[in-house]
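Reading through the structure tokens given below for one structure.
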Amino acid sequence: MRFWLAILLVWWLPTSALAVGQGEASLSGGLGLALAFQDQTRIGAQAEARLLRGISDFWAARLGLQTAWYPANGATPSAHITAQSAGLTFAADVLNLVPFADVGVAVADIRGGGLSASWRLGGQLGLGADYLFSRHLTMSMLVHVDYFPLRLAGGHDAHPVQACLALYLGRAF
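Taking the working numbering, I'd label the letters of the sequence shown as residues 1163 to 1335.
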């Protein structure tokens, strides 16, 4: 019990609150609601991990790994999309609230949903905001859209589009 209390106190050490600055890093993970837009709109769940590395006071490089799962719906079997992404994040400090915009490139492994497996290349656009509890602990709300128009390998020609609204918890280093 004391060990976890010590970890909690270190995690919440009060310091000044700023976005990830030059040379700093942030790791966050979150869960959210996912929507897939194909022949029919499907609702599922998505989990994502994001690593940001500050390039300047406003810009950060971003790496992400996300997976979305869509349950079976009538005659349509379940499906999942796993994507790795790299991109840039622009953030502006406003006291403890840090609005940001994301843009990136993603490679997706798409399986299920009645289609053969496929690897696709596409892009991501996102808008969100971080709330800084302390210099090291953040909570984020992010909405992003993924579009995968280019087939790299696999058997189907669908151009999957998905959107996600997620809540993240993060730790800045």
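Every residue gets a Cβ at the ideal spot worked out from N, C-alpha and C, and that includes glycine.
Fair warning: this is a prediction, and the values are worked out from it, not measured in the lab.
Close beta carbons around Ala1211, own chain, < 6 Å, minus the five adjacent residues each side: For Ala1211, where only same-chain residues beyond five positions count, the Cβ hits under 6 Å are Gly1191, Leu1227.
Alpha-carbon spacing of Asp1219 relative to Glu1186, whole angstroms: Rounded to the nearest whole angstrom, the CA to CA distance from Asp1219 to Glu1186 is 10 Å.
Candidates Pro1239, Gln1208, Ile1217, His1298: closest to Ser1278 by CA position: Considering only alpha carbons, the answer is Pro1239.
Three-state secondary structure assigned by DSSP to Ala1334: Strand.
Nearest residue (CA-CA) to Ala1234, options Val1305, Phe1252, Gly1317, Gly1276: When each option's Cα is compared against that of Ala1234, the closest is Gly1276.
DSSP-derived helix/strand/coil call for Ala1168: Per-residue confidence for Ala1168 stands at a pLDDT of 41, beneath the threshold of 50, marking its modelled position as unreliable; no derived number is given.
Check whether Leu1299 and Ala1253 have beta carbons under 9 Å apart: Contact: no.
DSSP-derived helix/strand/coil call for Pro1233: If DSSP states are grouped into helix, strand and coil, Pro1233 belongs with coil.
C-beta atoms of Ala1222 and Tyr1232 nearer than 9 Å: No, the pair does not count as a contact, with Cβ atoms beyond the cut-off.
Three-state secondary structure assigned by DSSP to Gly1276: In the structure shown, the three-state DSSP call for Gly1276 is coil.
Collapsed DSSP secondary structure at Gly1226 in the structure displayed: Per DSSP, reduced to three states, the secondary structure at Gly1226 is strand.
Beta-bridge pairing of Leu1197 - partner residues as DSSP gives them: In the DSSP output, where bridge partners are listed per residue, Leu1197 has Ile1205, Ala1325.
Closest residue to Ala1315 among Ala1270, Asp1308, Gly1288 (Cα-Cα distance): Ranking Ala1270, Asp1308, Gly1288 by CA distance to the CA of Ala1315 puts Ala1270 first.
Contacting residues, own chain, Cβ-Cβ under 6 Å from His1321 (five flanking each side not counted): Exclusion of the five residues before and after His1321 leaves Pro1311 as the residues of its chain whose Cβ lies within less than 6 Å of its Cβ.
Whether Leu1225 touches Ser1247 by CB criterion (9 Å): The answer is yes: Cβ separation under 9 Å.
Beta-carbon proximity list for Val1307, same chain, < 6 Å, skipping 5 on both sides: Within the same chain, Val1307 has close Cβ partners Leu1287, Ala1325.
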